[in-house]
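The next block holds one structure in the form of structure tokens; read it before the comments.
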Amino acid sequence: MSVSLKLATSLDGRIATGTGESRWITGNEARQQVHRLRAEHDAVVVGVETALADDPELTVRLAGFNGPQPARVVLDSRQRLADGCKLIATSRDIPTYLISTAPPEARLIDAGVRVLQVHAVGDERPELLDVVRALAAEGLDRLFVEGGGQVAASFLRCGLVDRLEWFRAPMIIGGEGRPGVGALAIQALSDAPRLKRVDLQLLGPDVWERYERI
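Under our numbering, the residues of the sequence shown are numbered 14 to 227, in order.
Encoded structure:
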């Protein structure tokens, strides 16, 4: 199992303004690279808040690309994903998984969504070790986690992030903006996740840095 975490932030680590505006923080070159990274993975993972707010497709959209699309995975304990969203509408064409802590709802099964029930932790969030095991059992071994901040923090807290793909735009949003990584409950610097930078590239006005777990 390999987990890559993608962050697209301002210089001060924000993924959106205080009102939630986030399109587009990074430029076209960075977004194209994200699509290339999606193509290298078995599945793209997001939280339900991202799915509800953005109604994403989570597909690879590159000129000339004709390979298989990665599966889409939504962490959605209470099965809040709306019937009319793009992910459900295309779930018969592209494998779409919903990770829940409750038995699957008939409406999702009827639409072609594959609901995986896992154990709950804390405030009924999916237990991520169970999540990665359940996805591995489905043949999804290379995961590309795209956010948002709480999902990023959860994967980091569990020590599941093998690689960080960090895209930074040359802007500063400020403290009222939404952080790229939520609270980690770090009590001492020695507890903070440590990574090493293995690559840095300029993509138009943006910077793409790749880090790997030490």
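Glycine included, C-beta positions come from ideal geometry on N, C-alpha and C.
Since we're looking at a predicted model, the values are computed, not measured.
What residues in its chain sit with their C-beta under 7 Å from that of residue i, if we drop five residues either side in the sequence?
i: P116; result: Q130
i: V134; result: E140
i: R226; result: V174, D175 and L208
i: A66; result: G33
So, helix, strand or coil for residue i, using DSSP?
i: T22; result: strand
i: F168; result: helix
i: L134; result: Looking at the sequence itself, residue 134 is Val, so the reference to Leu does not match. Strand, per DSSP.
i: A4; result: Because the chain is modelled from 14 through 227, residue 4 falls outside the range shown and cannot be assessed.
i: A16; result: It should be noted that the sequence gives Val, not Ala, for residue 16. Looking at V16 - three-state DSSP - the assignment turns out to be strand.
i: L65; result: helix
i: R191; result: strand
i: A201; result: coil
i: D123; result: helix
i: G161; result: coil
With respect to the alpha helix (DSSP H) encompassing residue i, which residues constitute its N-terminal and C-terminal limits?
i: Q46; result: N41 to A52
i: D143; result: L141 to A150
i: A102; result: K99 to A102
Give the DSSP bridge partners of residue i, in chain order.
i: Q214; result: W221
i: A56; result: A84 and L156
i: V128; result: L111
i: K209; result: E225
In the DSSP assignment, find the beta strand (DSSP E) that holds residue i and state where it starts and stops.
i: T109; result: T109 to S113
i: E178; result: R176 to R181
In chain order, what residues of the same chain lie with their CB nearer than 8 Å to the CB of residue i, ignoring the 5 residues before and after it?
i: A17; result: The amino acid occupying residue 17 in the given sequence is Ser; Ala does not appear at that position. Closer than 8 Å at the Cβ level, and outside the excluded window around S17, lie L50, H54, R155, L156, F157, V158, V174, D175, R176, L177 and E178.
i: R105; result: A124 and G125
i: E62; result: G161 and Q163
Give me, in chain order, the residues of the same chain whose beta-carbon lies closer than 6 Å to that of residue i; leave out the 5 immediate sequence neighbours on both sides.
i: C171; result: L141
i: A21; result: I38, T39 and F180
i: V86; result: A56, V58 and Y110
i: A182; result: S23, I38, T39 and D219
Exercise. Are the stretch 210 to 221 and the stretch 49 to 59 touching, with three or more C-beta to C-beta distances below 8 Å?
Worked result: no
Exercise. Using 8 Å as the threshold, is the stretch 39 to 50 in touch with the stretch 217 to 227, meaning 3 or more CB pairs across them?
Worked result: yes
For this session: Specify whether the stretch 180 to 195 and the stretch 82 to 96 touch according to this definition: at least 3 beta carbon pairs, one from each stretch, less than 8 Å apart.
Result: no
Exercise. When the Cβ atoms of the stretch 30 to 39 are set against those of the stretch 196 to 203, are three or more pairs found closer than 8 Å?
Worked result: no
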